[in-house]
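J.: Pasting in a structure now, in structure tokens, and then I'll have a few things to ask.
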Amino acid sequence: MRRGRVIGAAAAVLLSVTLAATAQAEAPPQRLPSAVLVFPLISIEGGGAVTDTRVQLVNLSSRPVQLKCIFVFPTSCGGINFFIQLTPNQPISWLASRGMFNGLSAVPPFGSSGELKCFVQPDEPGLDRHNAIQGRAAVFGADGQTIGYSAVGFLRLTDGPLTNVINLDGSTYSQCPDEQHFVFLASEADPLTESEIILAPCTEDFANRVPTTTTVQFLVINEFEQQLSASTIVSCYERRTLRQISHTFTRATLGTETGHIIVRGVQSPVLAMLVDRFLTPDGARGTAGNEPALRGGRSAEIRFP
Amino acid sequence: MRRVSTLLALLALALAQPSFAAPVSGGVDWSTVLRALGGALDSWRVAPFRTPTVGPTRTRTPVAGPPTRTPTRTRTLIPTRTPTRTRTLTPTRTSTRTRTSTRTATPSRTVTVTRTPRPATFTPTPRPTSTPVPTLSNQGQIAFASAEGVPPAQKLASAFIVFPYVVSSATHDTRIELMNMSNQDIELQCFYVRGSDCLEVGFFMRLTPNQPLSWLAYDGASNPLVFSAVPPFDGVGEMKCAVAASRPDLSAHNTLQGRALVYDRLSGETVGYDAIGFQRLSPGGYTGVIDLDGFTYEQCPDRLHFAVLTRQGGGPVSELITVPCAEDLLTQTPTETVVQMQIVNEFEQVFSSSYRFSCLTSQPFSKFITLSKSTLGTDSAHLILRGVSSPIIGMVIDRFTGQSDTLHTTSNEPFLEGGRSSTVIFP
Chain A
91 MRRGRVIGAA AAVLLSVTLA ATAQAEAPPQ RLPSAVLVFP LISIEGGGAV
141 TDTRVQLVNL SSRPVQLKCI FVFPTSCGGI NFFIQLTPNQ PISWLASRGM
191 FNGLSAVPPF GSSGELKCFV QPDEPGLDRH NAIQGRAAVF GADGQTIGYS
241 AVGFLRLTDG PLTNVINLDG STYSQCPDEQ HFVFLASEAD PLTESEIILA
291 PCTEDFANRV PTTTTVQFLV INEFEQQLSA STIVSCYERR TLRQISHTFT
341 RATLGTETGH IIVRGVQSPV LAMLVDRFLT PDGARGTAGN EPALRGGRSA
391 EIRFP
Chain B
1060 MRRVSTLLAL LALALAQPSF AAPVSGGVDW STVLRALGGA LDSWRVAPFR
1110 TPTVGPTRTR TPVAGPPTRT PTRTRTLIPT RTPTRTRTLT PTRTSTRTRT
1160 STRTATPSRT VTVTRTPRPA TFTPTPRPTS TPVPTLSNQG QIAFASAEGV
1210 PPAQKLASAF IVFPYVVSSA THDTRIELMN MSNQDIELQC FYVRGSDCLE
1260 VGFFMRLTPN QPLSWLAYDG ASNPLVFSAV PPFDGVGEMK CAVAASRPDL
1310 SAHNTLQGRA LVYDRLSGET VGYDAIGFQR LSPGGYTGVI DLDGFTYEQC
1360 PDRLHFAVLT RQGGGPVSEL ITVPCAEDLL TQTPTETVVQ MQIVNEFEQV
1410 FSSSYRFSCL TSQPFSKFIT LSKSTLGTDS AHLILRGVSS PIIGMVIDRF
1460 TGQSDTLHTT SNEPFLEGGR SSTVIFP
């Protein structure tokens, strides 16, 4: 009898370890109805006259959804909280510089660039109540540049209410990606071809306003399979040109026009996106958002007030 | 973990179809078992066993009663779509490994080919095809049944990728970018299919470990060192690439990702998007037949959801690009399907429309009055698409005016819901 219990306990431990190991390797699948959304790039310049961002949210379920959102200022790592109510299947959009008020929801003007996070606050604990939303954003400037991208989504994996701690641990919510893979165009000598990278740590503590600082490692592979590396330190949020991080991203150093970057946060997993800038053969300027392919998963935690 | 999952799946199978445990006379019908296992995996949390061809039970007759918007039980299928659940279940499909291999080894491949006119498989779906009549279901949805199945998880290393929009002309070009996300050499079999006449051009490529590669569609590419050559493309079309894995294990298949930059040479108007990826789910050799059935590869998405900006009078016109998931390049049989559109405005008012296409289509928003702000009354709309006789994949090209009436263009990639099976056959 006792031996049976021991075997049972050992089997349970083995199963839990196996599950944990499985969860560790899971990158968050994208473009599915999600419970947490992260918009890594909200850009406002000149009060919206130079650059503005249209944020779009859509309720993919046939039930009303309430969202708790926080806009994060990169300088202070503090945020503004607000709530959004979406009716079944409802889409909404607003300009970040102007905010929005529609009777059910009120979004303040953001006033500066930063990062936006939204969490589903379900009225019932079921998974289908959590995994209900998706979103995208279009950053556009007076110079005609446009950066469109989809929000990074995290799925709720177990039933339960929304608490003030979002455990991106592979058990409550899907994990943060461990590695992010970009295929990018190496920058030429022309400054119009300077691509940018946006980096934000996955772990954030808004409740105590403790900025997360992490080293971010870059592995750069050119078309000849030659490998170069670079690194930078990110605290709360960073938006830089690739050249500001390292010359390894330039055509002169890389040696090929295309490169493969693998981005990995050391102390905390990070979320990243690129802004591709290039010149067409006829000399016109092209811009596009470049979202990463994801590999592996690591746990992170978001705390909000 | 795999054993545990297998046990769970078999348990679910047994619960889902009690007759499975009963003695079977005349041997085991493995196709039935496979289908039952798949149904059980998809719905093991929902309990009732579903066969894909249960037509009559799903008939969505025009309801005479008031279209109550109370969510029905069918929506409770959503949890089955959460990838972790499904993903943990995925390995259980490997229990059919021996069956799969025997199937591919035998002349059943021809059986698969004869099965390829997929419409026959899907005809039982009792949905109105091209008549957007306002038959409100009790979910407030028009001509749509609940989405079932599992959509393909995106942005992960994949075994099969689709670029739904590649343009090569005197004024436009496309930079196609591929990336090997593994530490091993991979070989790709790719096809460019021109939208105007469904003409296909096939080619092979080889990527060294972690290698990135890009080329312009107008120019093509050639690298004799790795035996890769890409012909120049012509016109507007789509490109599909499959990993021709040299080994049967999943790590040899799920290795690829890609994106494309479509640009106007003169104005610089750019549409950058990620290829839609499908992961291989069960080990096995590459045969050129891509079964997007939820067993071998991930299924095609059943519905595409877009958050779009409505067309303002006199403003720039957005475009809707769609391609069918099912494609038979072996017999050059174009897949034709009707696409049902459902449009929800910010007041939750629902409109619908539809169109028919084969091969590839680019539909300007100006074609649909239901996508204009004057009809919808709001700046944003929730656009839901569903292919009737074949699932579809696609994207929207958003065009809008910004500060000082500058034109802005960006890609708008879909959110995915549900899954439906289809097959892509390469020659």
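Protein chains in written order, with the numbering used here: chain A, 91 to 395; chain B, 1060 to 1486.
C-beta atoms are modelled at their ideal positions from N, C-alpha and C, and glycine is treated no differently.
1) Please tell me whether N171/A has its Cβ less than 7 Å away from any Cβ of chain B.
2) Taking a contact to mean a Cβ-Cβ separation below 7 Å, would you say E1259/B touches L1388/B in this structure?
3) Check whether the Cβ atoms of P178/A and S152/A sit closer than 7 Å, and answer yes or no.
4) Are at least three pairs of beta-carbons, each pair with one atom in the stretch 299-311 of chain A and one in the stretch 1342-1361 of chain B, less than 8 Å apart?
5) Please return the same chain residues whose Cβ sits closer than 6 Å to the Cβ of N346/A, not counting the five positions on each side in sequence.
6) Do you know offhand how far I1428/B's Cα is from T1369/B's?
7) Which residues in the same chain as G1294/B place their Cβ atom closer than 6 Å to its Cβ, once the five residues preceding and following it in sequence are excluded?
8) By the three-class DSSP mapping on this structure, what secondary structure does T1434/B have?
9) For G1478/B, write down the residues that DSSP places opposite it in a beta bridge.
10) Ordered along the chain, which non-local residues of its own chain (more than five positions away) have a Cβ less than 6 Å from that of I352/A?
11) Give me, in chain order, the residues of the same chain whose beta-carbon lies closer than 7 Å to that of E116/A; leave out the 5 immediate sequence neighbours on both sides.
12) Residues of chain B with a CB under 7 Å from the CB of P119/A: which are they?
13) Consider the Cβ of H1231/B: report whether some Cβ of chain A lies at a distance smaller than 7 Å.
14) Assign E286/A to one of two classes, buried (16 or more other C-beta atoms within 10 Å of its C-beta) or exposed (fewer than that).
15) Using 10 angstroms around the beta-carbon of L1325/B, count the other beta-carbons present and answer buried if the total reaches 16, otherwise exposed.
16) Please state the DSSP three-state secondary structure of I134/A.
17) Whose C-beta lies closer than 6 Å to the C-beta of P212/A among residues of the same chain, with five residues either side of it excluded?
18) If you check the beta carbons only, do G1327/B and A374/A fall under 7 Å apart?
19) From this set, A1304/B, D1323/B, T1329/B, which residue's C-alpha is nearest S1217/B's C-alpha?
20) Find the residues of chain B that neighbour D372/A, judging by a C-beta separation of less than 7 Å, and give them in chain order.
21) Considering D218/A, what are the terminal residues of the alpha helix (DSSP H) in which it resides?
22) If you follow the alpha helix (DSSP H) that S1310/B is part of, which residue opens it and which one closes it?
23) Mind checking V1398/B: buried by the 16 CB within 10 Å criterion, or exposed?
24) Would you list the one or two residues that DSSP bridges to H1231/B?
25) Just the Cα atoms here: how many angstroms apart are P1111/B and E284/A?
26) Using a Cβ-Cβ cut-off of 7 Å, state whether S348/A counts as contacting chain B.
27) Check the DSSP bridge columns for H1467/B and list the partner residues they point to.
28) Would DSSP call L252/A helix, strand or coil?
29) Taking a cut of 8 Å between CB atoms, which residues from the stretch 1455-1473 of chain B lie near chain A?
30) Can you tell me whether T305/A is helix, strand or coil according to DSSP?
31) Taking its Cβ as the centre, do 16 or more other Cβ atoms sit within 10 Å of Q1270/B, making it buried, or is it exposed?
32) Quick check: is the beta carbon of V1403/B nearer than 7 Å to any beta carbon in chain A?
33) Does any CB atom of chain C fall closer than 7 Å to the CB of P215/A?
34) Determine, for P395/A, whether the minimum Cβ-Cβ distance to residues of chain B falls below 7 Å.
35) Looking only at its own chain, which residues have a Cβ that is under 6 Å from the Cβ of Q235/A, when we skip the five neighbours before and after it?
36) Output the distance between the C-alpha atoms of Q1422/B and R1415/B, rounded to the nearest integer angstrom.
T.: Based on what the coordinates show:
1) By this cut-off, N171/A is not an interface position.
2) In contact: E1259/B and L1388/B (Cβ atoms closer than 7 Å).
3) Their beta carbons are under 7 Å apart, which means P178/A touches S152/A by this criterion.
4) The stretch 299-311 of chain A makes no contact with the stretch 1342-1361 of chain B, as fewer than three CB pairs between them are under 8 Å.
5) In the sequence on display, residue 346/A carries Thr and not Asn. Non-local C-beta neighbours of T346/A in its own chain, meaning closer than 6 Å and more than five positions away in sequence, comprise N312, E313, ordered along the chain.
6) Computed Cα separation, rounded: 10 Å.
7) If we look at G1294/B and ignore the five residues flanking it on each side, its Cβ neighbours are R1253, S1255.
8) Here T1434/B sits in helix by DSSP.
9) G1478/B pairs with P1360/B.
10) The residues are E269, H271, L309.
11) Non-local C-beta neighbours of E116/A in its own chain, meaning closer than 7 Å and more than five positions away in sequence, comprise G260, S264, Q265, G387, ordered along the chain.
12) For P119/A, the neighbours in chain B by C-beta distance under 7 Å run, in chain order, P1142, A1212, Q1213, L1215.
13) It does not: the Cβ of H1231/B has no partner Cβ on chain A nearer than 7 Å.
14) The residue in question, E286/A, is buried, as its Cβ has 16 or more Cβ neighbours within 10 Å.
15) Exposed: under 16 other Cβ atoms inside 10 Å.
16) Coil at I134/A, not helix or strand.
17) Once the five neighbours on either side are set aside, the close Cβ partners of P212/A are R219, H220.
18) Yes, the pair counts as a contact, with Cβ atoms nearer than the cut-off.
19) The option with the nearest alpha carbon to S1217/B is A1304/B.
20) For a Cβ distance threshold of 7 Å, residue set R1324, L1325 of chain B lies close to D372/A, ordered along the chain.
21) Here the alpha helix (DSSP H) through D218/A covers 217-220.
22) In the DSSP assignment, S1310/B falls within the unbroken alpha helix (DSSP H) covering 1309-1312.
23) Per the 10 Å Cβ criterion, buried.
24) For H1231/B, which the question treats as bridged, DSSP gives the partners D1323/B.
25) Here the model assigns P1111/B a pLDDT of 36, short of 50, so the residue's position is not dependable, and the following value carries that caveat. Each residue's Cα considered, the two are about 51 Å apart.
26) Going by the sequence as given, residue 348/A is Thr instead of Ser. Judged by the 7 Å Cβ criterion, T348/A is in contact with chain B.
27) DSSP output for H1467/B lists F1459/B as bridge partner(s).
28) Note: L252/A maps to coil in three-state DSSP.
29) Here the close residues are D1457, F1459, G1461, Q1462, S1463, T1465, L1466, H1467, T1468, T1469, S1470, N1471, E1472, P1473.
30) T305/A: strand per DSSP, three-state reduction.
31) Here Q1270/B is buried, its C-beta having at least 16 other C-beta atoms within 10 Å.
32) Closer than 7 Å to some Cβ of chain A, the Cβ of V1403/B qualifies, so yes.
33) This model lacks chain C altogether, as its protein chains are A and B.
34) At least 7 Å separates the CB of P395/A from every CB of chain B.
35) Cβ-Cβ distances below 6 Å link Q235/A to T377 in the same chain, with the five nearest sequence neighbours on each side left out; the list follows chain order.
36) A direct Cα-Cα distance of roughly 11 Å separates Q1422/B from R1415/B.
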